[in-house]
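Report on the structure given below.
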Amino acid sequence: MEATAKEQKRAERYLQSKGIALSDIQSFCFMQRRTVVPHKHDSSNLYGPGLLTLQLRTGEERTCILHVRNHPSSLVRTLMTHHIPLTNLHRSGGQAGSVTASTYKRPSLYQFWHFVLFLTFLLLAFYLLLNYPEGWTGICLSIPAFAVSLNMLYLLLTRFCYLSLDAEGLSVHSIGRTVRYPFNQLLKVNFDFSREPTFTHIMEVLDKDCRYRLFYIGRTPRKSLNEIARQLRQAGIDANCSLNDEKRHYNDVYHTM
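Just so we're aligned, residue 7 is where the sequence shown starts under this note's numbering, counting upward by one.
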């Protein structure tokens, strides 16, 4: 696996924006919480997707939150290309055949609510367009409604995934789409709470080509995530469940810490 020139340029540009050079990095940790103060909700503790902790040669640790616009795959592939070790990668010699085929899915009222909003604003947009046929009035009034309906559609397609396992791989299902990962293509998987208050838990995937993907698994039961991680570890994949399945979200202080 070698990062392309474009990927290396992206990575170097991002690191330069943080005041870091590639030669300054001794090792890195990816897809793992940064817990400075254990067992407390301290502002220095970081959780959620895209956490990259860089161990510098000076002994300092720097933690960055990588968003999609930061091209996480390019950054990880560049670090690996320069033989900078990923310290929280733990592989075990599992067997794919030991995994029990299961589908982890639950109904979601929140998904139904988003569908109602999508339909409502779409019908409102057409209503405004048809009732103001002359001039730009109807178009100007309908554009915001169309925009909201498209946003609701985007959330329906991306925020309500569920998971299934079989003897050969992991599948991520959403409306009209299934993404499949054979076990021999998976390097690392992490489950955690989302930093978005309305979409509570996520799955991060790093494949053997160091391509990073983030999935919002809103239709996967929260209490089944530890079981999924255990089955993935049986298949020889470095899988971790960072969240407490008794908590509904990261800042939930009314349930088990």
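We treat Cβ as the ideally placed atom computed from N, Cα and C, and that holds for glycine.
- Partner residues in the beta bridge of K194, as assigned by DSSP, are L212, D244.
- According to DSSP, C146 shares a beta bridge with no other residue.
- Sorting M86, L162, T226 by C-alpha distance to the C-alpha of D213 places M86 at the top.
- Contact check for Y110 and I208: beta-carbon distance about 14 Å, past the 8 Å limit, so the pair fails to qualify.
- Pairing I181 with G25, the inter-Cα distance amounts to about 41 Å.
- By a beta-carbon distance limit of 8 Å, Q32 contacts L62. Their separation comes to about 6 Å.
- For C35, the beta-bridge partners assigned by DSSP are T59.
- Judged by beta-carbon spacing, D198 lies beyond the 8 Å limit of L135, meaning their Cβ atoms are not closer than that value.
- Check the Cα spacing between V122 and each of H88, R225, N157: the tightest is with N157.
- Ranked by Cα distance from T184, the options L171, N190, R19 are led by L171.
- Ranking L162, Y187, H88 by CA distance to the CA of Y222 puts L162 first.
- Here A27 is exposed, its C-beta having fewer than 16 other C-beta atoms within 10 Å.
- Cβ contact annotation for G144 (same chain, cutoff 6 Å, sequence separation greater than five): L134, L135, Y138, in chain order.
- C70 is bridged by DSSP to L58.
- About 5 Å separates the beta carbon of C216 from that of V82, a gap short enough to meet the 8 Å contact definition.
- Annotated as proximal: A9 and T84, with beta-carbon spacing under 8 Å.
- A11 counts as exposed, since fewer than 16 other beta carbons sit within 10 angstroms of its beta carbon.
- Contact between R16 and H77 is confirmed by a C-beta separation of about 5 Å, below the 8 Å threshold.
- Around the Cβ of Q22, a 10 Å sphere holds fewer than 16 other Cβ atoms; the residue is exposed.
- Taking the Cβ atoms as the reference, L159 lies roughly 5 Å from F124, within the contact range of under 8 Å.
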